[in-house]
DNA sequence: GCGAAGCTGTCAATTAGCTGTCAAAGCGGG
DNA sequence: CCCGCTTTGACAGCTAATTGACAGCTTCGC
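Protein chains in written order, with our numbering: chain A, 1 to 223; chain B, 1001 to 1223.
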């Protein structure tokens, strides 16, 4: 999952970032309206967490930017004020949920999850491809019924490839989905590394990860 | 097990809460339609216990909210009235069971368990997995017939793992199910701690709790 | 009520094993 | 045959998980 956090208070931001990062989500951080808009122009996000009070303007501007662009990305608004009016205002502007500071991080996570759930109703299906079964709910992958052990990043990578099975996925796209901006510059080589590791673990299956030199990777069935 | 109690009568609510808390279940309490809807938006529950008469509306609204959202969470309705019509009305609206006040707490517990059982068709009350038998009604666990002593939280943890046996359960999910919101922020480390304790107590059995670093825990049979 | 026993959850030291870097070797296309 | 992309092994770092010790609570028997 890829999130954008727009928040200028350092300690609040740090707490949020590390809590999501720990779960393996890719979270980017913007400190101002401008930075947020730049990130949004460049990158698709699954969820935006938006503080209302920012140094160079109001969070509402960002909300409007998102909605006038026709995006349906769920937005959760954070604010220090608890007035009902404020809440109604944000919700009217297109926010999907609302949280008053100070809040419990678990509640933030719960709300983000709830938004995503509303977004994609019933995506609890296992994906089967050739002889591998991928179960995102159980966090499990099996090859013709026998489970294999994947580490978080490997699982992550397989999920991306599986979502684009039979299609060529550029390495940069994989990289983006696996790592967030602020994860101090990870080398693109990391992707290649994980492709290698995943290949080894999928060795016994009838799918393989094909390299298209200069273009990307492709998950194919050997049939 | 995580429950939501929607009830505005204090003494009734207190009795219910402490009875479930004693058992080790995480129970959240909402005093109004509004509070209930907010909790439901944020958190998945295994069961909702719903009083019909509330200060700011009728329990039916909540029932409708739940069902129109497509959720199948079992709902047990409490009411002071015993009319058949009332009962039919609630059930038509999507309630799974019905209890007339005043009621016996043991009956409430029994009905809640029954609803959960219906939820997962393969559950006939006691769960057997490899050589362990788990009886939620009697609060008993045995390994190949001989009972073992589990503390409340250990029992709780085992219940969660058993409900997701062979699947990977993220630590955060376990945490959510073990502790309710109002339990002042317990460290996530508590989960790890109980995993350790449960492991020791299950040492003689043929099941084990596997760690998947960064992903969660998984109850597996050693066969 | 009182003390004992057991249950809970915090803390911190330790361990385990994933992560990502580097660099060397391999490979493919022109 | 050369260049640049890709693969891979080794390794250091680091974060997540394990575990023992402990203090505060509950519960229970008397």
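C-beta: ideal position from N, C-alpha, C; glycine also.
Annotation for residue 1110 of chain B: 1137 place their beta carbon closer than 8 Å to its own, counting only its chain and skipping 5 residues before and after. For the pair of segments examined, the segment 1008–1015 of chain B was found not to touch the segment 190–201 of chain A: the number of CB pairs separated by less than 8 Å stays below three.
Taking the C-beta atoms as reference points, residue 1221 of chain B is found nearer than 8 Å to residue 1130 of chain B. If you compare the alpha carbons of A:161, A:6 and A:204 with that of residue 29 of chain A, the shortest gap goes to A:6. Looking at the DSSP output, residue 1098 of chain B bridges to B:1077. Contact note: residue 1214 of chain B reaches chain A through 24, 151 and 152, using a C-beta cutoff of 8 Å and chain order.
By the CB criterion at 8 Å, residue 40 of chain A and residue 65 of chain A fall inside the cutoff.
In the structure shown, the three-state DSSP call for residue 1068 of chain B is helix.
Taken through DSSP and simplified to helix, strand or coil, residue 1114 of chain B comes out as helix. Taking all protein chains in view, the Cβ of residue 68 of chain A is surrounded by fewer than 16 other Cβ atoms within 10 Å, so the residue is classified as exposed. Note on geometry: alpha-carbon atoms of residue 1058 of chain B and residue 1037 of chain B lie some 12 Å from one another. Between residue 55 of chain A and residue 63 of chain A, the alpha-carbon positions lie close to 16 Å from each other.
The three-state reading of DSSP puts residue 31 of chain A in coil, since its state is none of H, G, I, E or B. Residues of the segment 1164–1175 of chain B with a C-beta less than 9 Å from any C-beta of chain A: 1164, 1166, 1167, 1168, 1169, 1170, 1172 and 1175, listed in chain order. The beta carbons of residue 155 of chain A and residue 26 of chain A sit no closer together than 8 Å.
Residue state for residue 151 of chain A is assigned as coil, using DSSP reduced to three classes.
In chain order, 1042, 1043 and 1176 make up the part of chain B whose C-beta sits under 8 Å from the C-beta of residue 110 of chain A.
Excluding five sequence positions before and after residue 126 of chain A, the CB atoms of its chain that fall closer than 7 Å to its own CB belong to 133, 134 and 135, given in chain order.
For residue 77 of chain A, the number of other beta carbons within 10 angstroms of its own is at least 16, and it is reported as buried. Using a CB distance cut-off of 8 Å, residue 140 of chain A counts as an interface residue toward chain B.
Contacts between residue 107 of chain A and chain B, judged by CB atoms closer than 8 Å, involve 1042 and 1181 in chain order.
With contacts defined by Cβ atoms closer than 8 Å, residue 1201 of chain B and residue 1160 of chain B do not form a contacting pair. In the three-state reduction of the DSSP assignment, residue 1009 of chain B falls in the coil class. By the neighbour-count criterion, in which 16 or more other beta carbons inside 10 Å mark a residue as buried, residue 105 of chain A falls on the exposed side.
A distance below 8 Å separates the beta carbons of residue 116 of chain A and residue 46 of chain A. In the displayed model, residue 1210 of chain B falls within a strand according to three-state DSSP. It is roughly 7 Å from the alpha-carbon of residue 157 of chain A to the alpha-carbon of residue 174 of chain A.
For residue 1167 of chain B, the three-state secondary structure derived from DSSP is coil. Judged by their CB atoms, residue 1165 of chain B and residue 1219 of chain B are nearer to each other than the 8 Å cut-off. Under the DSSP assignment, residue 1050 of chain B falls in the beta strand (DSSP E) whose first and last residues are 1047–1051.
Residue pairing for residue 1140 of chain B: DSSP places it in a beta bridge opposite B:1135.
Sequence-distant partners of residue 94 of chain A (beyond 5 residues in either direction) whose C-beta falls short of 8 Å from its own C-beta, in its chain, are 63, 64, 66, 67 and 75.
Short of 6 Å from the beta carbon of residue 112 of chain A, and not among the five residues preceding or following it, lie these beta carbons of its own chain, in chain order: 47. Of the candidates B:1079, B:1171, B:1044 and B:1108, the residue whose Cα lies closest to the Cα of residue 1072 of chain B is B:1044.
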